[in-house]
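Engineer: Using this note's numbering, you'd call the opening residue of the sequence shown number 494 and step up by one each time.
Could you have a look at this structure, given as structure tokens, before my questions?
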Amino acid sequence: MSEDNQPAFAAFLKQTGWRCEAPVSCDVSPRRYYRVSGKGAQAILMDASAAEDRCEIFDFIRIASWLNDTGLKAPEIFDAAPEDGFLILEDFGDISFGAALATENPALLYETARSVLAHMARQDSVSLALPDFFESAIYKKRDQFIEWYAPLVRPGAQNALDGYRAVWTEIESALPPCPQGFVHGDYHAENLMRLPGALLPDLKSLGLLDFQSALYGPLPYDLGNLLEDARRDIPCDLREEALSGYDEPFLLWYRVLTTQFHCRVAGLFIKLAAEQGRSEYLIHVPRLQRYIAEALETPVLEPLKRFLTQEGIHTDVPLDLSGLALAAKEA
494 MSEDNQPAFA
504 AFLKQTGWRC
514 EAPVSCDVSP
524 RRYYRVSGKG
534 AQAILMDASA
544 AEDRCEIFDF
554 IRIASWLNDT
564 GLKAPEIFDA
574 APEDGFLILE
584 DFGDISFGAA
594 LATENPALLY
604 ETARSVLAHM
614 ARQDSVSLAL
624 PDFFESAIYK
634 KRDQFIEWYA
644 PLVRPGAQNA
654 LDGYRAVWTE
664 IESALPPCPQ
674 GFVHGDYHAE
684 NLMRLPGALL
694 PDLKSLGLLD
704 FQSALYGPLP
714 YDLGNLLEDA
724 RRDIPCDLRE
734 EALSGYDEPF
744 LLWYRVLTTQ
754 FHCRVAGLFI
764 KLAAEQGRSE
774 YLIHVPRLQR
784 YIAEALETPV
794 LEPLKRFLTQ
804 EGIHTDVPLD
814 LSGLALAAKE
824 A
């Protein structure tokens, strides 16, 4: 929390009768979370006061309500000052989906997470008036692969951006129509919480977080985010089981969208290290390289493989990332 936001933070707690206990771990977003107590309960304070777009907190409120109305489990909201960027949320505890993988049946956990996605896909989300995926930053920031990753492989490769975009357009134009619906947008193991007192595969055994940037778009995107997680390796048999039963159009789009996701995130992690000195995510770049290299062997991505080969942008070679964070600190 910045010093500028401290008075508003303290005033919100005083007004609502909650007491700040401790910060909760956060991710790459500008939002910060704190465990708070009061009113005979424990809760989570979301501090989005530093976010550039304060509209996200209003989106969180309305999407949480919609998710709960559909029979899923998003946090209840106990107190709110959305104009200041503060919410008091139901505390889902400390056991994320990722943590639960170590103590529970992984196959059942992934089956449940897939069932949650299938349930969301069946709901009418028109009333939410969600932004279109293909106009979103999530989609457009696949460019970060060329802007940040490619120059580490071949200096000057950022000049290949126009060709890179053209290849993706070529690939997508050749695909059949993609099933569309509610897209969470960040559906991975740390944004799902394993809730106490609920048995798998009950849909409410998993609590949903970080959905404020939800979109209307291609349904395979969220499944790819879950099954090819940037932060962890997932056994092939679990991935294959989770993908079973989907038709060819879904699977083709899954491969394309998931590879775009890996390209975006590889570039993002390098950008965070180079610009902000946040090197903790660089450990995941080799995994993303491997995902991309494996994906390039599928026929649907042959145009991308050919383009990257011609440009000398390889994903199967080790990168020296050691100096990125140091350069950012010295700048």
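Glycine is no exception: its CB is placed at the ideal position from the N, C-alpha and C atoms.
1) Between which two residues does the beta strand (DSSP E) harbouring residue 531 extend?
2) What's the gap between the Cα of residue 783 and the Cα of residue 630?
3) Since residue 688 contacts residue 585 with CB under 8 Å, what's their CB separation in whole angstroms?
4) Looking at residue 656 and the ligand ATP, is the gap between the Cβ and the nearest heavy atom below 7 Å?
5) Considering only C-alpha positions, which residue in the set 590, 509, 747 is nearest to residue 698?
6) When DSSP builds the beta bridges, which residues end up paired with residue 540?
7) Less than 8 Å between the beta carbons of residue 694 and residue 601, yes or no?
8) Please work out which residues of its chain come closer than 7 Å, Cβ to Cβ, to residue 505, disregarding the five sequence neighbours upstream and downstream, and give them in chain order.
9) How far does the alpha helix (DSSP H) with residue 769 in it extend, from its first residue to its last?
10) Which one or two residues does DSSP pair with residue 513 in a beta bridge?
11) Is DSSP giving residue 571 helix, strand or coil here?
12) May I have the straight-line CA-CA distance separating residue 507 from residue 530, to the nearest angstrom?
13) Go through its chain and collect everything with a Cβ distance to residue 609's Cβ below 7 Å, but skip five positions before and after it.
14) If I measure Cβ to Cβ from residue 553 and keep anything under 6 Å in the same chain, skipping five residues before and after, which residues do I get?
15) In the DSSP assignment, what residue or residues form a beta bridge with residue 675?
16) Alpha carbons only, please: which of 677, 606, 662 is nearest the one belonging to residue 474?
17) Measure the alpha-carbon distance for residue 653 versus residue 816 and round it to whole angstroms.
18) Specify, as a first and last residue, the run of the beta strand (DSSP E) that residue 656 falls within.
19) Report yes if the C-beta distance between residue 813 and residue 786 is below 8 Å; otherwise report no.
20) Which residues in the same chain as residue 556 place their Cβ atom closer than 8 Å to its Cβ, once the five residues preceding and following it in sequence are excluded?
21) From residue 547 to residue 523, what distance separates their C-alpha atoms?
22) Using the rule of at least 16 other Cβ atoms within 10 Å of the residue's Cβ for burial, across every protein chain shown, is residue 753 buried or exposed?
23) Contact check, residue 498 vs residue 544 under 8 Å by CB: the rounded distance?
24) I'd like the list of long-range same chain contacts for residue 760, defined as Cβ closer than 7 Å, with 5 residues on each side in sequence excluded.
25) When DSSP labels each residue in this structure, what does residue 625 get in the three-state scheme?
26) Excluding the five sequence neighbours on either side, which residues of its own chain have a C-beta within less than 7 Å of the C-beta of residue 603, listed in chain order?
27) Rounded to the nearest angstrom, how far is the Cβ of residue 756 from that of residue 658, given a contact under 8 Å?
28) With 16 as the cutoff for other CB atoms within 10 Å, does residue 692 come out buried or exposed?
29) Would you decide whether residue 628 is buried or exposed? Buried here means 16 or more other CB atoms lie within 10 Å of its CB.
30) Smallest Cα separation from residue 570: which of 509, 596, 615?
31) In terms of residue numbering, what span does the alpha helix (DSSP H) encompassing residue 615 cover?
Structural biologist: According to the data block:
1) Numbered from its first residue, the sequence shown carries residue 531 at position 38. Taken as a continuous stretch (DSSP letters only), the beta strand (DSSP E) holding residue 531 covers 525 to 531.
2) Indexing the sequence shown from 1 puts residue 783 at position 290. Indexing the sequence shown from 1 puts residue 630 at position 137. The straight-line gap from Cα to Cα measures roughly 24 Å.
3) The count along the sequence shown starts at 1 and reaches residue 688 at position 195. The count along the sequence shown starts at 1 and reaches residue 585 at position 92. Correct: roughly 6 Å between the Cβ atoms.
4) This structure lacks the ligand ATP, and indeed carries no ligand of any kind.
5) To locate residue 698, count along the sequence shown from 1; it is residue 205. Ranking 590, 509, 747 by Cα distance to residue 698 puts 590 first.
6) Indexing the sequence shown from 1 puts residue 540 at position 47. According to DSSP, residue 540 bridges with 525, 579.
7) For the purposes of this step, residue 694 is taken as residue 201 along the sequence shown, with counting starting at 1. For the purposes of this step, residue 601 is taken as residue 108 along the sequence shown, with counting starting at 1. Contact flag set, yes.
8) The residue you call residue 505 lines up with position 12 of the sequence shown. 574, 577, 579, listed in sequence order.
9) Residue 769 sits at position 276 when you count from the first residue of the sequence shown. Element bounds for residue 769: 741 to 769.
10) Along the sequence shown, one-based indexing puts residue 513 at 20. Note: residue 513 sits in a beta bridge opposite 529.
11) Counted from its first residue, the sequence shown places residue 571 at position 78. It is a strand residue.
12) Taking the first residue of the sequence shown as position 1, residue 507 is located at position 14. Taking the first residue of the sequence shown as position 1, residue 530 is located at position 37. Their backbone Cα atoms lie some 12 Å apart in a straight line.
13) Mapped onto the sequence shown, residue 609 falls at position 116. The answer, listed in chain order, is 565, 696, 699.
14) As a first step, residue 553 is located in the sequence shown; it is residue number 60 there, counting from the start. Correct list, in chain order: 705.
15) Taking the sequence shown and counting its residues from 1, the one referred to as residue 675 is at position 182. Its beta-bridge partners are 709.
16) Absent from the structure is residue 474, since the part of the chain shown begins at 494 and ends at 824.
17) By one-based count along the sequence shown, residue 653 stands at place 160. By one-based count along the sequence shown, residue 816 stands at place 323. Their Cα atoms are separated by approximately 24 Å.
18) Counting from 1 along the sequence shown, the entry for residue 656 is found at position 163. No beta strand (DSSP E) contains residue 656, which is instead part of the alpha helix (DSSP H) from 654 to 666.
19) Walking along the sequence shown from the start, residue 813 turns up at place 320. Walking along the sequence shown from the start, residue 786 turns up at place 293. No, Cβ-Cβ distance for residue 813 and residue 786 is not below 8 Å.
20) Here residue 556 refers to the residue found at position 63 when the sequence shown is read from its first residue. The answer, listed in chain order, is 567, 621, 704, 705, 707.
21) What you label residue 547 is simply residue 54 of the sequence shown in a count that begins at 1. What you label residue 523 is simply residue 30 of the sequence shown in a count that begins at 1. Taking the straight line joining both Cα atoms gives about 11 Å.
22) To locate residue 753, count along the sequence shown from 1; it is residue 260. Buried.
23) As a working mapping, residue 498 is identified with position 5 in the sequence shown. As a working mapping, residue 544 is identified with position 51 in the sequence shown. In fact, because the Cβ distance is near 11 Å, the residues do not count as touching under 8 Å.
24) Position 267 of the sequence shown, counting from 1, holds the residue named residue 760. Around residue 760: 637, 638, 640, 641, 642.
25) Position 132 of the sequence shown holds residue 625. In the structure shown, residue 625 sits in a strand (DSSP, three-state: E or B).
26) Locating residue 603 in the sequence shown gives position 110, counting from the first residue. Same-chain partners within the cutoff: 731, 735.
27) Here residue 756 is taken as the residue at index 263 of the sequence shown, counted from 1. Here residue 658 is taken as the residue at index 165 of the sequence shown, counted from 1. So it is not a contact: roughly 12 Å between Cβ atoms.
28) Working through the sequence shown from its first residue, we reach residue 692 at position 199. Counting Cβ neighbours within 10 Å, residue 692 comes out exposed, since fewer than 16 surround it.
29) Residue 628 sits at position 135 when you count from the first residue of the sequence shown. By the neighbour-count rule (16 or more Cβ atoms within 10 Å), residue 628 is not buried but exposed.
30) For this step, residue 570 is matched to residue 77 along the sequence shown. Here the closest residue by C-alpha is 509.
31) In the sequence shown, the residue the question calls residue 615 occupies position 122. Taken as a continuous stretch (DSSP letters only), the alpha helix (DSSP H) holding residue 615 covers 599 to 615.
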